[in-house]
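In this note's numbering, the protein residues as written are 432 to 871.
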């Protein structure tokens, strides 16, 4: 006999199960909706933040990528704003340099000037039209310095480069544009250190060394280092592209770096130098400089005096031979080479007492050891030099105008501002125009 109470109980169980199932389904649907709304909200927030940062002109990092020839270049075809020091819109060409595209074949009615350098040539702090090399081009054309021939300036400069990388850039890129002139933008305040494997902390770069016969030999062993291999990996390339494309990711990376106190690495202090025969006076000076840096980060006190440290003597020797190599290889290709001695901010401070104070603290008569040394090299090895230190110092003092620094950093520090670029362009243009008249 069938028990109706069992059927009733079964029905109640089935009904409860159905209700429970519907509730579970609704809960799952509700969670899916919530997740979708959360995802949509986050995506919308990121899009709004990205648009806001772009409209505000915020760009945290200019992207650099590995290059097997010269170590590092800017990311080809990238464009964006830089506003950490000065403010400028940067556009990078296909080779990875801040400049427009240039045809390899030189027009017959054109005089080409190739400018090699570091951050002073990259000039990320000012608009392209205000860079010294663009102003140089305009000045020479306005003056008709080369007669009926037009002047075209090609810039190849990357922050952190030393003379070694400039020589490699000349070989792998520059000479293919058939320049008539090659200008080496030489900044003694850090280029000497950049050229030394013993002094330069950023070791993921090509260096030169002397072989047994005293000749320059390229050392590319860095390419096999774990850091260089990682830098050239697919994952790193993807990361760089994502960072260069997103202002939000750039801000997040900067926040993380600051949190971890890794935003920057200072240049080695001369206090760490070790002389072949250190005297008590040397030790005292090292102790004093270790307590308080005399120069802004990234610049080296050691270049303002005769080197007593073996590493610095070798670094200077390497640097001089690299400058000579650029001159010789330029000449072999039919180009006239000039070494431009660039300025550190303190050398051209409008307040002469600032220069004297640093000289006194360094125990030297003035801050012109490097320009004098380069001038002596020019006389010994038949190089052409355009010294910018003395004339820019005169401009700064006469006009009481800071040639370095910006409103969003500090005046009389860092890189050339618009006035500094303009002053340099005038000095260079006047010299090139005068030499052209003499030679033609």
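We treat Cβ as the ideally placed atom computed from N, Cα and C, and that holds for glycine.
These numbers come from a predicted model, not from an experiment.
As summarised for the segment 605-647, the continuous alpha helix (DSSP H) elements at least 4 residues long and confined to that stretch are 619-625, given in chain order. Looking at the DSSP output, residue 504 shares a beta bridge with 496.
Where residue 541 is concerned, there is no enclosing alpha helix (DSSP H), although the beta strand (DSSP E) around it starts and stops at 541-548. Per DSSP, reduced to three states, the secondary structure at residue 527 is coil, with no helix or strand assignment. Selection 549, 560, 535, 544 evaluated against residue 522 yields 560 as nearest (Cα-Cα). Relative to residue 831, the option among 851, 499, 624 whose CA is nearest is 851. Under the Cβ criterion (8 Å, minimum of three pairs), the segment 491-511 counts as touching the segment 579-591. Annotation: residue 601 to residue 737 spans about 30 Å, alpha carbon to alpha carbon.
Annotation for residue 566: the continuous alpha helix (DSSP H) segment containing it runs 563-573. Spatial neighbours of residue 827 in its own chain (CB-CB distance under 6 Å, excluding positions within 5 residues in sequence) are listed in chain order as 779, 781, 834.
Taking 8 Å as the cut-off, the Cβ atoms of residue 814 and residue 808 count as close.
Residue 589 sits in coil when the DSSP states are folded into three classes, being neither helix nor strand.
In the structure shown, residue 730 adopts coil according to DSSP, grouped into three states. Taking a 10 Å sphere around the C-beta of residue 759, we find fewer than 16 other C-beta atoms and assign the residue as exposed. Scanning 563, 495, 849 for the CA closest to the CA of residue 509 turns up 495. Of the residues assessed, residue 731 falls on the buried side of the cut-off, its CB having 16 or more other CB atoms within 10 angstroms. Where residue 795 is concerned, there is no enclosing alpha helix (DSSP H), because DSSP gives it neither an H nor an E.
With a cut-off of 8 Å on Cβ pairs, the segment 790-804 is not in contact with the segment 835-854, counting fewer than three such pairs.
DSSP places residue 510 within a strand segment (E or B) once states are collapsed to three. Taking a C-beta distance under 8 Å as the contact criterion, residue 749 and residue 617 do not qualify as a contact pair. Between the C-alpha atoms of residue 795 and residue 744 there is a straight-line separation of about 18 Å. Beta-carbon to beta-carbon, residue 609 and residue 537 are separated by about 4 Å, close enough to satisfy the 8 Å threshold.
Distance between residue 612 and residue 545, taken at the CA atoms: about 6 Å.
DSSP lists no bridge partner for residue 863. Your pair residue 553 and residue 529 checks out as a contact, with CB atoms roughly 5 Å apart and the cut at 8 Å. Around the Cβ of residue 649, a 10 Å sphere holds fewer than 16 other Cβ atoms; the residue is exposed.
Pairing residue 519 with residue 557 gives a Cβ-Cβ distance under 8 Å. Per DSSP, residue 818 is one residue of the beta strand (DSSP E) stretching across 815-818. Of the residues 770, 843, 797, 777, the one whose Cα lies closest to the Cα of residue 810 is 770.
Counting other Cβ atoms within 10 Å of its Cβ, residue 858 reaches 16 or more and is therefore classed as buried. The C-beta distance from residue 756 to residue 647 rounds to 6 Å, short enough to fall under 8 Å. For residue 522, the uninterrupted beta strand (DSSP E) segment begins and ends at 519-522. Under DSSP, residue 583 forms a beta bridge with 543. Inter-residue distance for residue 752 and residue 626 is about 11 Å (C-alpha atoms, whole angstroms).
Exclusion of the five residues before and after residue 840 leaves 516 as the residues of its chain whose Cβ lies within less than 7 Å of its Cβ. A Cβ-Cβ distance of about 17 Å is found for the pair residue 776 and residue 624, leaving them out of contact under the 8 Å criterion.
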